[in-house]
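Trainee: This is the structure, below, for whatever I ask next.
If you want it as structure tokens, here you go:
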């Protein structure tokens, strides 16, 4: 649960305690992160920092960080030109085709001209 919350709500928000815990675990400072996660528990006064709930949250965050690191190690810019299981080439060509059609239709010129004030408005 904590890993999902960190991923969705606190990607780079330094003011969010869960984001800070995520960052601490990523940098090998698990004991500090464990204290933050413990302090956020609704029943923190009745559990310790080594409770099973805290251990599970730390394990989930650690696993999510490992998965993110593994995914970034495998990727490169050349992946957009390969049509593997995620169909990056297909997505790239769709984006390029849409942009090309937009340029050919002249809608960019219309948007540019319509956003400028007319000489009468001066």
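Numbering (our numbering), first residue to last: 121 to 242. For every residue, glycine included, the Cβ atom is placed at its ideal position computed from N, Cα and C.
(1) Could you tell me if residue 141 is buried or exposed, where buried requires 16 or more neighbouring beta carbons within 10 angstroms of its beta carbon?
(2) Reducing DSSP to helix, strand and coil, say where residue 137 ends up.
(3) Less than 8 Å between the C-beta atoms of residue 213 and residue 202, yes or no?
(4) Could you give the C-beta distance for residue 182 and residue 145, rounded to a whole number, given that I count them as a contact under 8 Å?
(5) With residue 159 as the anchor, note down where its alpha helix (DSSP H) starts and where it stops.
(6) Where does residue 233 land, buried or exposed, given buried means 16+ other C-beta within 10 angstroms?
(7) I think residue 139 touches residue 178, with their Cβ atoms under 8 Å apart; what is that distance to the nearest whole Å?
(8) Quick one, which of 164, 160, 168, 186 has its alpha-carbon nearest residue 147's?
(9) How should residue 174 be labelled, buried or exposed, when 16 other C-beta atoms within 10 angstroms of its C-beta is the threshold for buried?
(10) Please name the residue in 176, 162, 155, 199 whose C-alpha comes closest to that of residue 169.
(11) Mapping DSSP to helix, strand and coil, what is residue 230?
(12) Would you call the CB atoms of residue 167 and residue 176 closer than 8 Å?
Mentor: Let me spell this out:
(1) With 16 or more other Cβ atoms within 10 Å, it is buried.
(2) Residue 137 falls in the helix class under three-state DSSP.
(3) no
(4) About 6 Å separates the two Cβ atoms, so the contact holds.
(5) 150-159
(6) exposed
(7) Between residue 139 and residue 178 a beta carbon distance of about 15 Å is seen, past the 8 Å cut, so the two are scored as non-contacting.
(8) 186
(9) buried
(10) 155
(11) helix
(12) no
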